[in-house]
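Undergrad:
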Amino acid sequence: MTHELLVTPSQHSYARGAAIFTEGAESFGIPVSEAQTYEWSLLLQAAHDLDNILDSSLPKQERETRVDSIVADVVGEQTSDTDDKGCQPDCVFCELKTVASTWSDEHKVSLVEVALQAKEIAAARRGTVRARQLGKFAIYEGIITARLFSFNQSDGRAGITGYNSWLSNLLAAGTTFDTSIDLPKDYEDELTKVEPTATNRARLLAMGLPSLTRAIKATKPSLIRPLVGAVKSVTDDR
């Protein structure tokens, strides 16, 4: 399968994001390998690219079919021709497919489920007219995205529950703030019907504050500075 490269933030941003997750996990006493950090950086870029497809001007069925096809190919469920010779250099989906070949079935199912929920959220956002509902979708999006970077609770290692909760709150706050920042453009691009008024944007920011507060309370002091730096890096790439 040939995967089209999309315009995305620099890979440096994804590496920094993955590094934050790694430092976060290690701060909870969970050792993280270089291979795991690399996998997380690929997943961050893949999630961004899939989101771009869902937010594109393509017809709904075509958007969702394209996402389904890419995810199926990555986890090895594609029944059509999956020859990757046509992939462009550094195609993140091709790289992720190689990594995913070592995943457990449970891990692959998790990616498929997150992609399915992402499609549902993207479709619902387009018809949303109330800021509060849009905020709920943003929080939910952050929570399901966190599944891609969380550890299985059955692993039994100490610190997993704390890390997973920290990450879920961090991403819930991040997606909500991002939704507020992007509201004018998203409204212009018809990705939502919520008007980009100051009140609506403030309401979205307010909805993300509880998650941010919980994340900060659980963040080790040594992580605060790199966390702020990572957020700034992503913002600068927008």
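Start counting the sequence shown at 0; every next residue gets the next number (numbering that gives the first Met the number 0).
All residues carry an ideal CB built from backbone N, CA and C; glycine is no exception.
Skipping 5 residues on each side, what residues in its chain have a beta carbon closer than 8 Å to that of Tyr186?
TA: Here residue 186 refers to the residue found at position 187 of the sequence shown. Hits under 8 Å: Lys192, Val193, Glu194, Pro195.
Undergrad: So, helix, strand or coil for Asn252, using DSSP?
TA: No answer is possible for residue 252: the residues shown for the chain start at 0 and end at 237.
Undergrad: Which term fits Val108, buried or exposed, when burial requires 16 or more other beta carbons within 10 angstroms of its beta carbon?
TA: One-based indexing of the sequence shown puts residue 108 at position 109. Counting Cβ neighbours within 10 Å, Val108 comes out exposed, since fewer than 16 surround it.
Undergrad: Determine the direct distance from the alpha carbon of Asp104 to that of Ser68, and round the result to whole angstroms.
TA: Taking the first residue of the sequence shown as position 1, residue 68 is located at position 69. Taking the first residue of the sequence shown as position 1, residue 104 is located at position 105. Cα to Cα, the separation comes out at about 18 Å.
Undergrad: When you compare the CB positions of Glu140 and Ile120, do they come within less than 8 Å of one another, or not?
TA: Stepping through the sequence shown from its first residue, residue 140 is reached at position 141. Stepping through the sequence shown from its first residue, residue 120 is reached at position 121. Their beta carbons are under 8 Å apart, which means Glu140 touches Ile120 by this criterion.
Undergrad: Closest to Phe20 by C-alpha separation, out of Trp39, Ala34, Val66, Glu189, would be which residue?
TA: Numbered from its first residue, the sequence shown carries residue 20 at position 21. Considering only alpha carbons, the answer is Trp39.
Undergrad: If we call anything under 8 Å between Cβ atoms a contact, is Gly134 one with Met206?
TA: Locating residue 134 in the sequence shown gives position 135, where the first residue counts as 1. Locating residue 206 in the sequence shown gives position 207, where the first residue counts as 1. Cβ distance < 8 Å, so Gly134 and Met206 count as in contact.
Undergrad: Would DSSP call Arg146 helix, strand or coil?
TA: As a working note, residue 146 is residue 147 in the sequence shown. The answer is helix: DSSP assigns Arg146 an H, G or I state.
Undergrad: Only counting the same chain, and skipping five residues up and downstream in sequence, which positions put a Cβ closer than 6 Å to that of Ala217?
TA: Your numbering for residue 217 matches position 218 in the sequence shown. Only Trp165 meet the Cβ criterion.
Undergrad: Express the C-alpha separation of Ser32 and Val98 in angstroms, rounding to a whole number.
TA: For this step, residue 98 is matched to residue 99 along the sequence shown. For this step, residue 32 is matched to residue 33 along the sequence shown. Each residue's Cα considered, the two are about 14 Å apart.
Undergrad: If we ignore side chains and look at the alpha-carbon of each, how far apart do Ala172 and Leu204 end up?
TA: Start at 1 with the first residue of the sequence shown, and residue 172 comes out as number 173. Start at 1 with the first residue of the sequence shown, and residue 204 comes out as number 205. Computed Cα separation, rounded: 9 Å.
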